[in-house]
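**Q** Quick one: this structure, given as structure tokens, is what I'll be asking you about.
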Amino acid sequence: MSSLLVQMLEGTVTSLQIFFLTLLFSLPLGFVVARGRMSKIRIVRWLIDLYIQIMRGTPLILQLIFFYFAPFYLFGASYDRFTACIVAFVVNYSAYFAEIYRSGLQSIDKGQYEASHVLGFRKSYTFFHIILPQVIKKIMPALGNEVITLVKDTALAQTIGVAELFRVAQTASSREFSTVPIFIAGIFYFVMNYIVSRIFVLAEKKLDYYR
Amino acid sequence: MQEMIRLTDLKKSFGSVEVLKGISFSVNRGQVLSIIGPSGSGKSTLLRIITQLEKADDGSLVIDGQELFTSRSGQAVYNRENARAIGLKTGLVFQSFNLFPHFNVLRNITEAQRAVLRRSKDESEAKAMQLLRKMELEDKALMYPCQLSGGQQQRVSIARALALDPEILFFDEPTSALDPELTREILHVIRALAEEKMTMAVVTHEMNFAKAISDNAIFMDSGVIVEQGTELFSDPKEERTRKFISSFDS
Chain A
0 MSSLLVQMLE GTVTSLQIFF LTLLFSLPLG FVVARGRMSK IRIVRWLIDL
50 YIQIMRGTPL ILQLIFFYFA PFYLFGASYD RFTACIVAFV VNYSAYFAEI
100 YRSGLQSIDK GQYEASHVLG FRKSYTFFHI ILPQVIKKIM PALGNEVITL
150 VKDTALAQTI GVAELFRVAQ TASSREFSTV PIFIAGIFYF VMNYIVSRIF
200 VLAEKKLDYY R
Chain B
0 MQEMIRLTDL KKSFGSVEVL KGISFSVNRG QVLSIIGPSG SGKSTLLRII
50 TQLEKADDGS LVIDGQELFT SRSGQAVYNR ENARAIGLKT GLVFQSFNLF
100 PHFNVLRNIT EAQRAVLRRS KDESEAKAMQ LLRKMELEDK ALMYPCQLSG
150 GQQQRVSIAR ALALDPEILF FDEPTSALDP ELTREILHVI RALAEEKMTM
200 AVVTHEMNFA KAISDNAIFM DSGVIVEQGT ELFSDPKEER TRKFISSFDS
């Protein structure tokens, strides 16, 4: 039993690695994608839209398989499962985050830009000091939802053989003819998401000082 | 008398709609110009071009001796070097205040002083408090815009504009979002500024107020100046002006 728990904790570490690495890359990348989606150049807008549609319109599990096997079929070379898994998650989540950012950016009144312009703020100053703080407040609930989904989605990494929490649980389950490991994994996911949602509640409270 | 604004033959279209069809006027230092006219007559667009929120199509504009744009073969050519300096000479107060909701009142007034004029924290805060006293809002310095009434928000936005020491202050229907009582607060503030000889151009629907404070007035309709001069309030010459002015008598 204790060796099972140790195995599951190791799996959890891998799950958390997927989780944090995905956030680390896709949170900023989502902004780049959002800007591209709102670009004045039509072809850029169109290409970014196509990318977002593909990411949202196909299963993540399929994208994982694609990013794992595509390099082999296309270039005859492959990279390790974990890297493929991170690439797939980052590419997928950047698309979702981009849509959340876009909704936030578009909800800011144009009067905020105009007031900033008239007061003499430069464009980047306006973005980082006036617009971005308001966008972050507006998107917090949607962002929280997406991050919670990400915790659960890490379980999909097992599709390409990454030994994350759910795969460890499943292997143990079939080895011991018991569903207990699966149940324990469920508790692990629940605890992780409980922490994530608490963090978002705190963040929303902290930003609640203005409307 | 020193000329603060000289606008000549300004033209502007949005797509195929010509909203300004050759507007010319000038404002001297310390004078108040009121701009009146029905909705859609181009008043706001006019202010937005002078405050650089929109680009002119044709015409020329000189602010305090500096040229913002000039007409060359039927097109407005901007003087990029002057644009920023001129922007600092002009301030604009919006109909919808456009305060920064995530900053408290004090920071709304200090932010541009610090970021744009590079004033120190102490200096910008002292300036902000002095303006808040003037606006009778010194007890609201640490509140957020959402905690204030519309009239208070508009007074903060006037203080925010004044904090950069503009040479000319523009008002774009500053009381249109306010009920009559709050409107009085704002008109009181603008009147006080007029008495201090602040150069101002005010787009407004408050006829009695405009008549009382203006040194000059223009009546605009469908993109042209129909009539000019303060007599248009009491003794309008043009039929269109007469109709518009009388629509305010109740």
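First to last, the protein sequences are chains A and B. Every letter in the first sequence is one number past the one before it in numbering that gives the first Met the number 0, and letter 199, counting from 1, is 198. Every letter in the second sequence is one number past the one before it in numbering that gives the first Met the number 0, and letter 89, counting from 1, is 88. Just so you know, even glycine gets a beta-carbon here, dropped at the ideal spot from N, CA and C.
1) Per DSSP, which residues does Ala75/B bridge with? Please list them.
2) Going by the DSSP bridge assignment, what does Thr7/B pair with across the sheet?
3) Would you report the Cα separation of Gln112/B and Ile189/B, rounded to the nearest angstrom?
4) What residues from the stretch 117-131 of chain A come within 9 angstroms of chain B, judged by C-beta to C-beta, listed N to C?
5) Looking at Thr109/B: is its Cβ nearer than 8 angstroms to the Cβ of Ser59/B?
6) Mind listing which residues of the stretch 136-158 of chain B have their C-beta closer than 9 angstroms to chain A's C-betas, in chain order?
7) Grouping DSSP H, G and I as helix and E and B as strand, with all else coil, what is Ser102/B?
8) So, for Asp152/A: in the same chain, excluding its five sequence neighbours on each side, which residues have a beta-carbon less than 8 angstroms away from its beta-carbon?
9) Can you tell me which of the three DSSP states Ala216/B falls into?
10) So which residues of chain B does Gly110/A contact, with C-beta pairs closer than 7 angstroms?
11) Provide the residue(s) that pair with Lys20/B in DSSP beta bridges, ordered along the chain.
12) Which whole-angstrom value describes the C-beta separation of Gln111/A and Ile135/A, a residue pair presumed to lie in contact below a C-beta threshold of 8 angstroms?
13) Between the alpha carbons of Glu122/B and Ile217/B, how many angstroms are there, rounded?
14) Let's test the definition: count the other Cβ atoms within 10 Å of the Cβ of Phe247/B and tell me whether it reaches 16, buried, or not, exposed.
15) In this structure, how does DSSP classify Val115/B when only helix, strand and coil are distinguished?
16) Between Glu145/A and chain B, is the shortest Cβ-Cβ distance under 8 angstroms, so that the two count as touching?
17) Who are the Cβ neighbours of Ala171/A in its own chain at under 6 angstroms, not counting the five residues just before and after it?
18) For Gly73/B, I'd like the list of residues in its chain whose CB is within less than 8 angstroms of its CB, leaving aside the five on either flank, ordered along the chain.
19) Ignoring anything shorter than 3 residues, give me the beta strand (DSSP E) runs that lie fully in the stretch 119-165 of chain A, in order along the chain.
20) Any idea if Asp138/B is buried or exposed, counting beta-carbon neighbours within 10 angstroms, 16 or more meaning buried?
21) Can you name the residues that DSSP bridges to Phe169/B?
22) So what does DSSP say about Asn97/B, is it helix, strand or coil?
23) Can you pull the chain A neighbours of Leu87/B, defined as C-beta to C-beta under 7 angstroms?
24) Using a Cβ cut-off of 8 angstroms (strictly closer), state whether Ala111/B contacts chain A.
25) Whose Cβ in chain A lies nearer than 7 angstroms to the Cβ of Pro114/B?
26) Using a Cβ distance threshold of 8 angstroms, determine whether the stretch 183-198 of chain B contacts the stretch 165-173 of chain B, with at least three qualifying pairs required.
27) With 16 other CB atoms within 10 Å as the buried threshold, where does Met0/B fall?
28) CA-CA distance, Ala200/B and Glu230/B?
29) Rounded to the nearest angstrom, what separates Ala94/A and Lys196/B at their Cα positions?
30) Identify which residue in Gly21/B, Ser40/B, Phe93/B, Leu9/B has its Cα closest to the Cα of Ala176/B.
31) Let's see if you can read the secondary structure: which residues bound the alpha helix (DSSP H) around Ser43/B?
32) Once DSSP output is grouped into helix, strand and coil, what is the label at Glu195/B?
33) Counting along the chain, where does the alpha helix (DSSP H) carrying Ile85/A start and finish?
34) So, does the CB of Pro100/B fall closer than 8 angstroms to a CB anywhere in chain A?
35) Go to Gln146/B, then tell me how far its beta strand (DSSP E) extends in each direction, as first and last residue.
36) Taking 7 angstroms as the limit between beta carbons, can you name the residues of its chain near Ala216/A, skipping five residues before and five after?
**A** Taking the definition as stated:
1) Ser70/B
2) Ser59/B
3) 22 angstroms
4) Val117, Leu118, Gly119, Phe120, Arg121, Tyr124, His128, Ile129
5) no
6) Tyr143, Pro144, Cys145, Gln146, Ser156
7) Note that residue 102/B is Phe in the sequence shown, not Ser. Looking at Phe102/B - three-state DSSP - the assignment turns out to be coil, as it is neither helix nor strand.
8) Leu59, Phe88
9) strand
10) Phe93, Ser95, Asn97
11) Lys10/B
12) About 14 angstroms; that fails the 8 angstroms criterion.
13) 39 angstroms
14) exposed
15) coil
16) no
17) Leu3, Pro180
18) Asp57
19) none
20) exposed
21) Leu91/B, Ala200/B
22) coil
23) Gly119
24) yes
25) Before going further, note that residue 114/B is Ala rather than Pro in the sequence given. Simply Phe120, Tyr124.
26) yes
27) exposed
28) 17 angstroms
29) 55 angstroms
30) Phe93/B
31) 42-49
32) coil
33) 80-105
34) yes
35) Run containing Gln146/B: none; DSSP gives neither H nor E here.
36) Missing from the structure shown is residue 216/A; chain A here goes from 0 to 210 and no further.
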